[in-house]
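Engineer:
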Ligand code: UD1
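Residue numbers (my numbering): 25 to 387.
1. What is the C-beta distance between residue 375 and residue 194, in whole angstroms, given that I count them as a contact (C-beta under 8 Å)?
2. What is the residue span of the beta strand (DSSP E) that residue 337 lies within?
3. By DSSP, does residue 155 sit in helix, in strand, or in coil?
4. Given a threshold of 16 other Cβ atoms within 10 Å of its Cβ, counted over all protein chains shown, does residue 25 qualify as buried or as exposed?
5. Candidates 306, 60, 238: which alpha carbon is nearest residue 261's?
6. Under DSSP, the alpha helix (DSSP H) around residue 192 begins and ends at which residues?
7. Report the residue ranges of all beta strand (DSSP E) runs contained in full by the stretch 229 to 312; include only those spanning at least 3 residues, in chain order.
8. Suppose contacts are defined by Cβ-Cβ distances below 8 Å. Is residue 280 in contact with residue 252 by that definition?
9. Fully enclosed by the stretch 163 to 190, which alpha helix (DSSP H) runs are 4 residues long or longer?
10. Quick one, which of 57, 100, 271, 380 has its alpha-carbon nearest residue 79's?
11. For residue 138, list the residues DSSP reports as bridge partners.
12. Is residue 284 buried or exposed, if buried means 16 or more other CB atoms sit within 10 Å of its CB?
13. Just how far apart, CA to CA, sit residue 63 and residue 121?
14. Between residue 293 and residue 230, which are expected to be in contact by the criterion C-beta below 8 Å, what is the C-beta distance as a whole number of angstroms?
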C-alpha cells in the first residue's frame with residue numbers, strides 16, 4: 025500500500041486538493057490521509073469549502089491559526105513533523121503557495137519523503153510577495169512538480185530543476201470549477217444579492233501590499249467607489265481587509281461599495297460567472313475568470329500566471345483610482361457587447377487531477 029498524505033491549510037488550497045484526492049481513489053493501492061494545518065480556521069474560509077466540495081473531513085487538524093510568518097510556518101513545521109513521524113507516508117502532496125505549503129515541504133524533504141507540488145513553477149519574480157518565497161522554496165524541495173502552464177516549466181528549467189521531475193498536467197482548480205459550475209448556477213446567488221447578470225462588478229482584495237497600508241488601500245478604494253457610482257460593486261471582504269478598513273478608518277471612503285462577508289465556493293463562482301467585470305488581487309481568480317470568459321482586472325503590478333494575460337481575460341491595472349475607473353468602464357462596455365470567443369489555456373480541461381493521480385500512483 026502506498027501512503028499518500030495531503031496537506032491543505034488556507035482557502036485556496038481546498039479546491040485544489042479536492043480533485044486530486046478524488047482522482048486518487050481510483051487506485052486501490054493508494055491510501056490517503058488529509059491534514060488540515062489550521063492556517064485558516066473561520067467557517068467562511070475553511071469549513072464551507074469542505075461541505076461544498078465534498079472533501080473528506082481532515083484526518084487531523086493541526087490548529088496552528090494566525091501569526092507572523094515565522095510563527096505560523098514554525099508552528100506548522102513542528103506539528104507536521106510529528107504527523108509524518110507517526111504516519112510514515114510514502115509521499116506528501118502540497119498545493120499552491122501559502123505558508124502551510126512551504127512549511128510542510130521543508131518537513132517532508134528533511135525526512136526524505138517524496139514531495140509532490142501541485143501548481144509548481146509559477147513565478148511573479150516579485151520577492152516582496154511572501155507567496156513567491158514559498159513557491160521557490162517548495163519547488164526547490166519537490167520531487168514531483170505538477171505545472172499548470174508552460175511558462176512554469178520554463179521557469180523551473182531555468183532554475184535548474186531536472187526535466188524529468190516536471191509534469192505539465194493542467195489546472196486542478198479548473199477541474200473543480202468545471203465540476204461545480206452547473207451546481208453553482210443553480211444556487212440563485214444573483215437573485216439573493218439583488219444583482220442583474222453582466223451589470224455588476226465583483227471585487228476581492230487581500231494582498232498585504234494592497235491592504236496593509238492606508239497609502240495603498242485608499243487609492244484603490246477611491247477607484248472602486250467611483251466604479252460603484254456606475255454599477256453595483258459587491259466586495260466579499262477577507263477578514264484581514266476588514267480589519268485594515270477599520271484600523272485605518274477607511275470605512276467612510278467605501279461610497280456605494282457593498283462590503284459583505286467572505287462567500288462560499290458555489291456562491292462566489294456563480295457571482296463571478298455572471299459579473300460584468302471582476303477586480304481582484306487574488307492569483308486563482310485570474311485563472312477562474314479566464315475559463316469563465318469574464319474580464320479580470322488584476323490590481324497588482326505583476327502576475328505569476330502570465331497565460332491569463334496572453335490567452336485569457338486578465339489585465340494588470342495600475343494601483344491608482346483613475347486607472348481602475350478607466351479599465352473598469354472599458355471592460356464593462358466590452359462585456360455588454362459581443363462576448364469574445366472563449367480561449368481556454370492548454371490542458372485546463374477538467375482532467376488535470378486524473379493526470380496527477382496516475383503519476384503519483386505510479387511514482
Ligand atoms: C493567506 C495566504 C495567501 C492566500 C490567502 C487566501 C500566506 C502567506 N498567505 O493569506 O497566499 O492568497 O491566504 O485567503 O500563506 N484570519 C481570520 N480567519 C482565518 C484566517 C485568517 O480572521 O480563518 C485573519 C487573521 O487576522 C490573520 C489574517 O486574516 O492574521 C491573515 O491570515 P493569514 O493566513 O496569515 O494570511 P492571508 O492573508 O489569509
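Positions of the beta carbon are idealized from the N, C-alpha and C atoms, including for glycine. From a predicted model like this one, the values you see are computed outputs, not experimental measurements.
Structural biologist: Quick look at the numbers:
1. On the chain shown, position 351 is the one that residue 375 refers to. On the chain shown, position 170 is the one that residue 194 refers to. About 7 Å; that satisfies the 8 Å criterion.
2. Along the chain shown, read from residue 1 onward, the residue named residue 337 stands at position 313. Under the DSSP assignment, residue 337 falls outside any beta strand (DSSP E); it carries neither an H nor an E label.
3. What you label residue 155 is simply residue 131 of the chain shown in a count that begins at 1. It is helical.
4. Position 1 of the chain shown, counted from the start, is the residue given in the question as residue 25. With fewer than 16 other Cβ atoms within 10 Å, it is exposed.
5. For the purposes of this step, residue 261 is taken as the residue at position 237 of the chain shown. That would be 306, whose Cα lies nearest to the Cα of residue 261.
6. On the chain shown, position 168 is the one that residue 192 refers to. Run containing residue 192: none in the alpha helix (DSSP H); it sits in the beta strand (DSSP E), 190 to 192.
7. Counting only runs of 3 or more, we get 257 to 260, 282 to 284, 301 to 304.
8. Walking along the chain shown from the start, residue 280 turns up at place 256. Walking along the chain shown from the start, residue 252 turns up at place 228. Between residue 280 and residue 252, the C-beta gap is smaller than 8 Å, which places the two residues in contact.
9. Positions of the alpha helix (DSSP H) runs, each at least 4 residues long and wholly inside the stretch 163 to 190, are given as 174 to 182 in order along the chain.
10. Counted from its first residue, the chain shown places residue 79 at position 55. Checked all of 57, 100, 271, 380; the closest Cα to residue 79 is 57.
11. As a first step, residue 138 must be located in the chain shown, where it is residue number 114. In the DSSP output, where bridge partners are listed per residue, residue 138 has 115.
12. Along the chain shown, one-based indexing puts residue 284 at 260. That one is exposed.
13. Mapped onto the chain shown, residue 63 falls at position 39. Mapped onto the chain shown, residue 121 falls at position 97. When rounded, the distance between both Cα atoms is 13 Å.
14. Locating residue 293 in the chain shown gives position 269, where the first residue counts as 1. Locating residue 230 in the chain shown gives position 206, where the first residue counts as 1. At roughly 18 Å, the Cβ-Cβ gap does not stay under 8 Å, so residue 293 and residue 230 are not in contact.
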